[in-house]
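Asks: In the working numbering, the protein residues as written are 3 to 383. C-beta: ideal position from N, C-alpha, C; glycine also.
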């Protein structure tokens, strides 16, 4: 999370949710002897003939001494979050806002209703049976039947009286160390000795934290890739493009935009996220609904840079949006990405008119010459 104080208004900060999270976490901001820790390994198995689907099962992980792990969880999750919230170093916002992922803890209310196989598995335990009451839950046994390579995630449960926090931590193959594939050695003085055992690396960080009925998402990459949220983003982005086609097909061919959106690439993911963020913002959506081909044409007549970039010639001829720069420019135009000062007539990129992108003389209808669009411009929308 960012250490400097953020402009929380730009990150759709939900002060009430932040207060609720801070209040609940404060119960665990104490000596580690004051709360209990239960640890579970979550195994993922591919279903044969299941069209890429998986089944999940969890087992109790017995740990001799949990003190160090408790300290790590407290430092990395509880104390750090409390400090970030109190200093304004992190925002708490609804996951649908798709705020800046590096500076945001996103929340998903009523997590149990979220339609995803792994989320249903987790919430079905957390909110129905409850982690922490081990009962007849099998214990991890790597010697007999469990494979360390199948550990998909780790679940930490903190309990203090009637308070409970469940932490989901995504585990990656590099953290699951099998003796079959690698040789490991311990170092004592001047001698290396082979370790004849599988090992697993565990840290006390969080991917998702469940508090009462809400999931707080610390690692949005994990949520998008492993909890199906990427599909939702693509769906919303596709809806935005479809609506743009309906409104502006007379002046724009969106074929290249659709092609870019449907690719499997980091650029396509970032582009989808950008479109979904705009389309899911009620204020930007409302302003988008007022944009017409005629208004776009009027704007391009006055703005030489955008007119040149989009190959604008007249209201009767189509605009060019085949390159990424052209696509970004068009999206800026229809989503409040370009703002005009009433005083100077200069054009700026949103938010809050912080980036000036225009110079020129102010006419009766202010005209502006934009020199370039910074690479981060469309993110501002």
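Is the segment 309-323 touching the segment 267-286, taking contact as three or more C-beta pairs under 8 angstroms?
Replies: Too few Cβ pairs lie closer than 8 angstroms, so no.
Asks: Check whether the segment 74-84 touches the segment 24-35, taking contact to mean three or more Cβ pairs, one atom from each stretch, closer than 8 angstroms.
Replies: yes
Asks: Hey, is the segment 292-304 in contact with the segment 219-230, meaning 3+ C-beta pairs nearer than 8 angstroms?
Replies: no
Asks: Which class does residue 340 belong to by DSSP, given the choice of helix, strand or coil?
Replies: For the purposes of this step, residue 340 is taken as the residue at position 338 of the chain shown. If DSSP states are grouped into helix, strand and coil, residue 340 belongs with the strands.
Asks: Hey, quick one: how far does the alpha helix (DSSP H) through residue 232 stretch, first residue to last?
Replies: Within the chain shown, residue 232 is the residue found at index 230, counting from 1. Per DSSP, residue 232 belongs to the alpha helix (DSSP H) from 231-250.
Asks: With burial defined as no fewer than 16 other Cβ atoms inside 10 Å of the residue's Cβ, what is the status of residue 126: buried or exposed?
Replies: In the chain shown, counting from the first residue as 1, residue 126 sits at position 124. Result: exposed.
Asks: Excluding sequence positions up to five away, which residues of its chain have a Cβ less than 6 angstroms from the Cβ of residue 129?
Replies: The sequence position of residue 129 within the chain shown is 127, counting from 1. Around residue 129: 114.
Asks: Skipping 5 residues on each side, what residues in its chain have a beta carbon closer than 7 angstroms to that of residue 328?
Replies: Mapped onto the chain shown, residue 328 falls at position 326. Around residue 328: 311, 312, 322.
Asks: Going along the chain, which residues of its own chain have a beta-carbon closer than 6 angstroms to the beta-carbon of residue 165, five neighbours each way excluded?
Replies: Within the chain shown, the letter at position 163 stands for residue 165. Hits under 6 angstroms: 29.
Asks: For the segment 158-200, which segments carrying the beta strand (DSSP E) assignment without a break, of at least 3 residues, lie completely within its bounds, in sequence order?
Replies: 165-172, 186-190, 193-197
Asks: Pull up the distance between the alpha-carbon of residue 201 and that of residue 86, whole angstroms please.
Replies: Position 199 of the chain shown, counted from the first residue, corresponds to residue 201. Position 84 of the chain shown, counted from the first residue, corresponds to residue 86. One C-alpha to the other measures close to 33 angstroms.
Asks: Once DSSP output is grouped into helix, strand and coil, what is the label at residue 38?
Replies: Sequence index remark: in the chain shown, residue 38 carries index 36 (1-based). DSSP places residue 38 in strand when its eight states are reduced to three.
Asks: With a 10 Å radius around its C-beta and 16 neighbouring C-beta atoms as the bar for buried, classify residue 185 as buried or exposed.
Replies: Taking the first residue of the chain shown as 1, we reach residue 185 at position 183. So residue 185 ends up on the exposed side.
Asks: Taking the alpha carbon of residue 300 as the point to measure from, which residue in 287, 335, 324, 246 has its own alpha carbon closest?
Replies: As a working mapping, residue 300 is identified with position 298 in the chain shown. Per the Cα distances, 335.
Asks: Taking 8 angstroms as the threshold, find out whether the segment 196-212 comes into contact with the segment 237-253 through three or more Cβ pairs.
Replies: no
Asks: Would you mind stating whether residue 154 and residue 182 have Cβ atoms separated by less than 8 angstroms?
Replies: Your numbering for residue 154 matches position 152 in the chain shown. Your numbering for residue 182 matches position 180 in the chain shown. Cβ atoms of residue 154 and residue 182: not closer than 8 angstroms.
Asks: Please classify residue 72 as buried or exposed, where buried requires at least 16 neighbouring CB atoms within 10 angstroms.
Replies: The count along the chain shown starts at 1 and reaches residue 72 at position 70. Its Cβ being crowded by 16 or more others within 10 Å, residue 72 is buried.
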